[in-house]
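Presented below is the structure to which this report refers.
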Amino acid sequence: MTLITRRRLLKTAAIAGASGVGLAAIGRIGGSAAATPEPVVLRTAKIQAKLMDVGPTRDVLTYGNAGMPPVLRMKKGEPFAARLINAIDDPTTIHWHGIR
């Protein structure tokens, strides 16, 4: 029977603890990748739109070709990802409304 010394016990515990930390980190990496949602793609566009019943059409900057930007709905605490593709000649940003 092998004698368990204090030094051997501490060494074994340190190795086991380090292995557990490594496994926990691998689990977090794998878990976060699986939980990442597919991003909603928003593409800027310059379209012609009639703003009033009378009068000419005007250039309008929007997301997509529909004229109205999309409505995005999600549950509280649910991960969300978006990708903005700027298809116009000028720099752009997104201004989010209704985020709580």
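The opening residue of the sequence shown carries number 33 in the numbering used here; numbering runs sequentially from there.
Idealized CB from N, CA, C, for every residue including glycine.
Rounded to whole angstroms, what is the Cα-Cα separation between residue 87 and residue 105?
Taking the straight line from one Cα to the other gives about 35 Å.
*Kindly indicate which residue of 71, 76, 38, 45 has the alpha-carbon position closest to the one of residue 125.*
76
query = Where does residue 119 sit, in a helix, a strand or coil, going by DSSP?
reply = coil
message: Below 8 Å on the Cβ atoms is my contact criterion, and I expect residue 69 with residue 113 to pass it. Report the Cβ-Cβ distance as a whole number of Å.
response: Contact flag correct, Cβ pair sits at about 5 Å.
Have a look at 74, 67, 131, 46 and flag the residue whose alpha-carbon is nearest the alpha-carbon of residue 102. Among 74, 67, 131, 46, the Cα nearest to that of residue 102 belongs to 74.
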